[in-house]
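Here's the structure, in structure tokens; my notes come after.
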Amino acid sequence: METKPLPREAALVVNVRSRKGQDLFEAASAKLESAGITLRDRRAVEDPADLRATVREIVASGVPMVIVGGGDGSLSGVVDEVVGTNCVFAVLPLGTANSFARSLDLPLDLDGAIAAIAQGRRRRVDLGMIDEDYFVNGASIGLSTMIGETVPHALKRYAGRIGYLLWALKCAVAFRPFRLEIDDGGSTRRFWATEVRILNGNHHGGVELSEAADLSSRQLLVQAVIGRSKFELARDWYAKFFKLRDKDACSRDFHGTEFRIAIVPPQRISIDGEVLACTPVTARVAPGAIEVAAPR
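Numbering-wise (the numbering used here), the sequence shown opens with residue 4 and increments by one.
Next comes the structure, spelled out in structure tokens:
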């Protein structure tokens, strides 16, 4: 079935506090115009707290495509403004992990990402929801949340994923396992766990955590690292990072459209890298919620 081509007019919004946002804003503007995309508006946003209002204003103006440059937190923070509209959501991966871009198979370099916007295709994808908040790629509970909540911005910006790893080692000393309860509406499961990942896409923290998760599956994947051992949690990340044969030995996967997740003691939740919620929560899929610019 033939789909409409991607728009040739767009607005560009870049979080200049993201890892590469400040350095690449002007280059991105010029390269998009050179690739045949007419920019009706372009904004370099200094304060991330202003991103959502900026995108809301731009979408309300009737622009057919909004191009957002930043990391996963930037994308997640503004995607609510695109839901329920005809505006195409396009991504410039200028953050640290860029997990949503990886889940879309989007090139991570500026030229490749712009080529996907200029020469790619429309793709309708799901979003995840934590209670009433949309997210693009994944949410997590556990050590990832502690890292996301405390990692210094400078370390994240200049050291990238290596900075996350170094900070993870520091946070692991104080981290404790928790009691997890997952209710999918049909059954309730209870475990000791060290981490929970609620996945719309297949990447988290820049690492492919599951080959089964897909942005168009109309399901969420809840992945729990079972047990009380921090060593097993480290082993799980190591095995998944290097794609070892036993990479799923320490985790269990649950597929469904809606889950009620409760934890003792209650835990804060990192949503696409930003700590924004606390258990208990309801996680659900929003099937086919937005159209994105994707590679052909």
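For each residue, glycine too, the CB sits at the ideal point set by N, CA and C.
- Around the CB of residue 239, 16 or more other CB atoms lie within 10 Å, so the residue is classed as buried.
- Put simply, the backbone Cα of residue 177 is about 34 angstroms away from that of residue 55.
- Per DSSP, reduced to three states, the secondary structure at residue 273 is strand.
- Residue 131 carries a strand assignment under DSSP once its states are collapsed to helix, strand and coil.
- Around the C-beta of residue 7, fewer than 16 other C-beta atoms lie within 10 Å, and the residue is accordingly described as exposed.
- In this structure, DSSP gives residue 72 an extended state, which the three-state scheme calls strand.
- Distance between residue 275 and residue 144, taken at the CA atoms: about 11 angstroms.
- Boundaries for residue 122: no beta strand (DSSP E) harbours it, while the alpha helix (DSSP H) harbouring it runs 113-122, taken from the DSSP string.
- Beta-carbon to beta-carbon, residue 182 and residue 200 are separated by about 17 angstroms, too far to satisfy the 8 angstroms threshold.
- Here the segment 124-137 does not lie against the segment 185-192, with fewer than 3 beta-carbon pairs under 8 angstroms apart.
- Note that the C-beta distance between residue 202 and residue 226 is below 9 angstroms.
- Here the C-alpha atom of residue 149 lies approximately 7 angstroms from the C-alpha atom of residue 174.
- DSSP places residue 55 inside the alpha helix (DSSP H), whose first and last residues are 54-63.
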